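Residue numbers (this note's numbering): 229 to 463.
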Amino acid sequence: MNDMSAVPAVPDAVPGVASRDDNAAGMPGVLVVDHPLVQHKVTLVRSEETTTDNFRRLVREISQLLTYEATRDLAMETISIRTPIAPTQSRILSGKKLCLVSILRAGNGFIDGMLELLPAARVGHIGLYRDPETLEPIEYYFKMPEDIHERMVIVVDPMLATGNSAIAALNRLKEAGVTTMKYVCLIASRPGLRALRAAHPEVGIVTAAIDETLNEHGYIVPGLGDAGDRLYGTR
Ligand code: URA
229 MNDMSAVPAV
239 PDAVPGVASR
249 DDNAAGMPGV
259 LVVDHPLVQH
269 KVTLVRSEET
279 TTDNFRRLVR
289 EISQLLTYEA
299 TRDLAMETIS
309 IRTPIAPTQS
319 RILSGKKLCL
329 VSILRAGNGF
339 IDGMLELLPA
349 ARVGHIGLYR
359 DPETLEPIEY
369 YFKMPEDIHE
379 RMVIVVDPML
389 ATGNSAIAAL
399 NRLKEAGVTT
409 MKYVCLIASR
419 PGLRALRAAH
429 PEVGIVTAAI
439 DETLNEHGYI
449 VPGLGDAGDR
459 LYGTR
């Protein structure tokens with residue numbers, strides 16, 4: 229059952245996300261990308277039989293499909309161009325420039341694929357580790373473009389588990405002056421989603437799946453294991 233009581237009153241209008249609330253998330257501002265290609269690839273990344281190289285490739289592919297949805301509401305303008313045949317009016321991206329922010333280290337598994345679609349985007353990195361006792365995030369690295377406060381930021385981390393790291397990352401970016409953000413992940417836990425929505429209700433969330441629970445170590449169940457270890461073959 230979806231307990232909405234923990235989430236403060238949230239305007240339905242999280243740009244580009246709220247219009248598609250009638251999907252599996254059941255939460256305003258959360259988009260679950262239920263496209264068959266995405267769901268097929270999510271099944272493959274979850275499987276423990278998937279090798280490191282295939283895991284990396286699949287995460288990259290999923291990141292691109294999620295980016296397609298996360299950028300659906302980017303501002304556009306119409307300009308005049310000439311094709312080899314005739315002059316015409318055509319649309320291009322306008323508005324705020326983009327910055328992708330990777331929550332280290334697993335977020336990096338998303339970045340290269342996203343940059344293929346958004347080649348002009350800048351990239352920032354936030355390093356947070358989870359205190360194994362409290363599961364609270366502790367920051368060890370923060371490097372952003374100087375004009376981060378002028379950019380639309382897409383924060384990426386494949387796994388939204390407790391939500392603590394995501395909340396800390398968004399807090400830190402707001403301190404740096406960022407006003408427009410989205411959060412993109414591969415698998416979100418429902419408790420993590422609730423926590424993130426409660427802390428940052430104006431930030432739209434795009435995910436490929438929602439899992440109901442976490443285990444005592446803060447891993448998403450069933451999830452896919454440790455995304456960093458699976459991306460980099462470190463376990
Ligand atoms: N981080 C991961 O890599 N996996 C989880 O399940 C939770 C946090």
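Using N, Cα and C, we set each Cβ at its ideal position, and we do this for glycine too. Given the structure is predicted, the values throughout are model-derived calculations rather than measurements.
Beta-carbon contacts of H460 that lie in its chain and below 8 Å, excluding the five residues immediately before and after: Stepping through the sequence shown from its first residue, residue 460 is reached at position 232. According to the sequence displayed, residue 460 carries Tyr and not His. Excluding sequence neighbours, Y460 sits near T280, R333.
Rounded Cβ spacing between G420 and P386 (contact assumed at less than 8 Å): For the purposes of this step, residue 420 is taken as the residue at position 192 of the sequence shown. For the purposes of this step, residue 386 is taken as the residue at position 158 of the sequence shown. That pair is no contact at about 12 Å.
Minimum length 3: unbroken beta strand (DSSP E) runs contained in the segment 357-390: 365-371, 380-384
For P315, three-class secondary structure by DSSP: Here the question's residue 315 lines up with position 87 in the sequence shown. Reduced to three states, the DSSP call for P315 is strand.
8 Å Cβ cutoff met for L293 and L326: Residue mapping note: residue 293 aligns to position 65 of the sequence shown, counting from 1. Residue mapping note: residue 326 aligns to position 98 of the sequence shown, counting from 1. The answer is no: Cβ separation not under 8 Å.
L388 vs L424 beta-carbon contact at 8 Å: Position 160 of the sequence shown, counting from 1, holds the residue named residue 388. Position 196 of the sequence shown, counting from 1, holds the residue named residue 424. For L388 and L424, yes; Cβs fall inside 8 Å.
Contiguous alpha helix (DSSP H) assignments of at least 4 residues, all confined to the segment 412-457: 418-427
Chain-ordered residues, beta carbon under 5 Å from a heavy atom of ligand 1: M387, A389, Y447, I448, G451, D454, A455
Extent of the continuous alpha helix (DSSP H) to which E344 belongs: Residue mapping note: residue 344 aligns to position 116 of the sequence shown, counting from 1. Residues 336-345.
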